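So the protein sequences, as listed, match chains W and Y. So the number in the working numbering is just where the residue sits in the first sequence, counting from 1, plus 2. So the number in the working numbering is just where the residue sits in the second sequence, counting from 1, plus 2. Heads up, the beta-carbon is just placed ideally off N, CA and C, and yes, glycines get one too. These numbers come from a predicted model, not from an experiment. Let me begin by presenting the structure, written as structure tokens, before commenting on it.
Number of protein chains: 2
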Amino acid sequence: MTNSQGISELVINRLPRYHRFLGELLSKGVQRISSRELSEKMGLTASQIRQDLNCFGGFGQQGYGYHIEQLRNEIGNILGLNKSNRAILIGAGNLGRAIASHMNFEGKGFRLIGIFDKKEALKGQIIKGLPIRHIDDLDEFCRENLPVCAILCIPQNDAYEICNALIHLGVKGFWNFSHYDLAVNHPEIAVENVHLGDSLMKLSYKIKND
Amino acid sequence: MTNSQGISELVINRLPRYHRFLGELLSKGVQRISSRELSEKMGLTASQIRQDLNCFGGFGQQGYGYHIEQLRNEIGNILGLNKSNRAILIGAGNLGRAIASHMNFEGKGFRLIGIFDKKEALKGQIIKGLPIRHIDDLDEFCRENLPVCAILCIPQNDAYEICNALIHLGVKGFWNFSHYDLAVNHPEIAVENVHLGDSLMKLSYKIKND
Numbered sequence: 003m004t005n006s007q008g009i010s011e012l013v014i015n016r017l018p019r020y021h022r023f024l025g026e027l028l029s030k031g032v033q034r035i036s037s038r039e040l041s042e043k044m045g046l047t048a049s050q051i052r053q054d055l056n057c058f059g060g061f062g063q064q065g066y067g068y069h070i071e072q073l074r075n076e077i078g079n080i081l082g083l084n085k086s087n088r089a090i091l092i093g094a095g096n097l098g099r100a101i102a103s104h105m106n107f108e109g110k111g112f113r114l115i116g117i118f119d120k121k122e123a124l125k126g127q128i129i130k131g132l133p134i135r136h137i138d139d140l141d142e143f144c145r146e147n148l149p150v151c152a153i154l155c156i157p158q159n160d161a162y163e164i165c166n167a168l169i170h171l172g173v174k175g176f177w178n179f180s181h182y183d184l185a186v187n188h189p190e191i192a193v194e195n196v197h198l199g200d201s202l203m204k205l206s207y208k209i210k211n212d
Numbered sequence: 003m004t005n006s007q008g009i010s011e012l013v014i015n016r017l018p019r020y021h022r023f024l025g026e027l028l029s030k031g032v033q034r035i036s037s038r039e040l041s042e043k044m045g046l047t048a049s050q051i052r053q054d055l056n057c058f059g060g061f062g063q064q065g066y067g068y069h070i071e072q073l074r075n076e077i078g079n080i081l082g083l084n085k086s087n088r089a090i091l092i093g094a095g096n097l098g099r100a101i102a103s104h105m106n107f108e109g110k111g112f113r114l115i116g117i118f119d120k121k122e123a124l125k126g127q128i129i130k131g132l133p134i135r136h137i138d139d140l141d142e143f144c145r146e147n148l149p150v151c152a153i154l155c156i157p158q159n160d161a162y163e164i165c166n167a168l169i170h171l172g173v174k175g176f177w178n179f180s181h182y183d184l185a186v187n188h189p190e191i192a193v194e195n196v197h198l199g200d201s202l203m204k205l206s207y208k209i210k211n212d
């Protein structure tokens, strides 16, 4: 049932939201829920929810609904949230600091093990228990600690070279806040882009046309 | 040609990326580009690009390509980037500070005019030239300054009440970093969600399945 082959990308894109919602219900002490109730809370149709959750076997029982904890665990397994992928942060400016301090990596499949910046002055400062290291130490650190994921909070112009180096050092996935379009040059690598500027422009469009 | 009615959401979602790429080309002194060249740089097919840009009249000329500045301006007009929508930031924690300091609002249709937090201790601190105000002053500030957009960098539990108040005060759009699913309760409001946790979970899935 944890075999996730054949699940469409659209369904995968919705799984984190299901996981989040089910977690909120659990924290309120709710143990089971019908697809109708879940659909009202999430703004989806009940048939959409049944279709999505049936993709990986489903847990709904007629007249009982979904067992929330079981369903949430299963979604977590599919997403790989029980892993502890070693991640490093590149760029400890405002955004990088916010990401390092704000995010709960542990519950989402990752563990932050290193922070790097090119500014000498930042070296040794502590964020979330980790010292900022100089970018010159990246190579040695990666050879010793084998991170599989890099979080890029650096300007586009710096990203190209660092990405090539990191891929060469074995990094398999990037959480990309830079404007460097990594996936165009490296289609073999796992990339999640967070283009904040693009999101703001879309909001501008929506406000204009609402 | 600036009439954007009838442009599909999928095309709109791609427009910020075109705008960004064309801006990079302009800054390098490039004045025109063929759909083939643009497609190589962006990792799309040339026919996809022609189709997208034809949606709003298109600027390509056989054997000449696109006039970059003209095309970029037109995309900017469709997205409303020439506007100056008054925006306020709610929540001046790590993430809120990073957003306020890091983002170039002016080039994206917005102007940041106020920052609010519920922590008394933050009151009066300056971020990007703006003093942090106490959340109790929100109502009066909005009546005087009529913001149309709010950026939510607050916990989910605080978001419900503040959103209702802001909508009542005339706010038409939300850039939502909280986990409150605003659009479910207010389908009439323009919302762009940035669910960083969801993005990280998707990356976890991609790394696991690559």
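Checklist entry - When DSSP builds the beta bridges, which residues end up paired with L152 of chain Y? => result Residue identity check: residue 152 of chain Y is Ala in the sequence provided, not Leu. According to DSSP, which records beta bridges pairwise, A152 of chain Y is partnered with Y:I90, Y:F176.
Item to check | Segments assigned alpha helix (DSSP H), at least 4 residues, entirely inside the segment 23 to 72 of chain Y | outcome: 37 to 44, 48 to 56
Item to check | Coarse secondary structure for N106 of chain Y, derived from DSSP in three states | outcome: In the structure shown, N106 of chain Y sits in coil (DSSP, three-state: anything other than H, G, I, E or B).
Checklist entry - Does the distance from the CB of L113 of chain Y to the CB of A152 of chain Y come in under 8 Å? => result For the record, residue 113 of chain Y in the displayed sequence is Arg; it is not Leu. Against a cut-off of 8 Å, the Cβ pair of A152 of chain Y and R113 of chain Y comes out as no contact.
Checklist entry - chain W beta carbons: is any one of them nearer than 8 Å to that of V13 of chain Y? => result no
Checklist entry - How about G232 of chain Y and G82 of chain Y: do their beta carbons lie closer than 8 Å? => result Outside the displayed range of chain Y (3 to 212) lies residue 232 of chain Y, so it cannot be described from this structure.
Item to check | Pairwise C-alpha distance: L55 of chain Y and S86 of chain W | outcome: 43 Å
Next on the checklist: Let me confirm a value: M3 of chain W is counted as buried when at least 16 other C-beta atoms fall within 10 Å, else exposed. Which label applies?
Outcome noted: Its pLDDT being 35, under 50, M3 of chain W is placed unreliably by the model, and the measurement read from it follows with that caveat. Under this definition M3 of chain W is an exposed residue.
Checklist entry - Helix, strand or coil: which one does DSSP assign to V196 of chain W? => result coil
Next on the checklist: Distance check for N75 of chain Y and S206 of chain W, CA to CA, integer angstroms please.
Outcome noted: Here the alpha carbon of S206 of chain W sits roughly 15 Å from the alpha carbon of N75 of chain Y.
Next on the checklist: When you compare the CB positions of L97 of chain Y and A100 of chain W, do they come within less than 8 Å of one another, or not?
Outcome noted: yes
Item to check | Residues of its chain near L27 of chain Y, where Cβ-Cβ distance is below 6 Å and the 5 sequence neighbours each way are ignored | outcome: I70
Checklist entry - Taking just the CA atoms, how far does G65 of chain Y sit from G31 of chain Y? => result 20 Å
Checklist entry - Count the other CB atoms within 10 Å of the CB of K208 of chain W; is the residue buried (16 or more) or exposed (fewer)? => result buried
Checklist entry - Quick one, are the C-beta atoms of L198 of chain W and C155 of chain W less than 8 Å apart? => result no
Checklist entry - Which residues, in chain order, does the segment 22 to 39 of chain Y contribute to contact with chain W at a C-beta distance below 9 Å? => result R22, F23, E26
Checklist entry - Between the C-alpha atoms of Y182 of chain W and A192 of chain W, what's the straight-line distance to the nearest angstrom? => result Spanning the two alpha carbons is a distance of roughly 14 Å.
Checklist entry - Is the beta carbon of N211 of chain Y less than 8 Å from the beta carbon of K204 of chain W? => result The Cβ atoms of N211 of chain Y and K204 of chain W do not sit closer than 8 Å to each other.
Next on the checklist: In this structure, how does DSSP classify S6 of chain W when only helix, strand and coil are distinguished?
Outcome noted: Below a pLDDT of 50, predicted positions are generally treated as unreliable, and S6 of chain W, at 47, falls in that range; the measurement from the model is reported next regardless. DSSP places S6 of chain W in coil when its eight states are reduced to three.
Checklist entry - Closer than 8 Å, Cβ to any Cβ of chain W: which residues of the segment 74 to 104 of chain Y, in chain order? => result Listed by position along the chain: I80, L81, G82, L83, K85, N87, G95, N96, L97, R99, A100, I101, S103, H104.
Checklist entry - From R52 of chain Y to S37 of chain Y, what distance separates their C-alpha atoms? => result 7 Å
Next on the checklist: Let's see if you can read the secondary structure: which residues bound the alpha helix (DSSP H) around L184 of chain W?
Outcome noted: 184 to 187
Checklist entry - Applying a beta-carbon distance threshold of less than 9 Å, which residues of chain Y neighbour D212 of chain W? => result K174, G175, E190, I191, A192
Checklist entry - Closest Cβ-Cβ distance between H181 of chain Y and chain W: below 8 Å? => result yes
Checklist entry - Does the Cβ-Cβ distance between I134 of chain Y and D119 of chain Y come in under 8 Å? => result Result yes, Cβ atoms of I134 of chain Y and D119 of chain Y sit closer than 8 Å.
Item to check | Cβ-based contacts, 9 Å cut-off: residues of the segment 106 to 136 of chain W near chain Y | outcome: N106, F107, G109, K110, G111, F112
Checklist entry - Under a Cβ-count criterion, where at least 16 other Cβ atoms within 10 Å of its own Cβ denotes burial, should G131 of chain Y be classed as buried or exposed? => result exposed
Item to check | Cβ pair G67 of chain W, R34 of chain W closer than 8 Å | outcome: yes
Checklist entry - Is DSSP giving D119 of chain Y helix, strand or coil here? => result strand
Checklist entry - Rounded to whole angstroms, how far is the Cβ of V150 of chain Y from the Cβ of G175 of chain Y, which I believe are closer than 8 Å? => result At roughly 6 Å, the Cβ-Cβ gap stays under 8 Å, so V150 of chain Y and G175 of chain Y are in contact.
Item to check | Where R22 of chain W falls, given that 16 or more other Cβ within 10 Å makes a residue buried | outcome: buried
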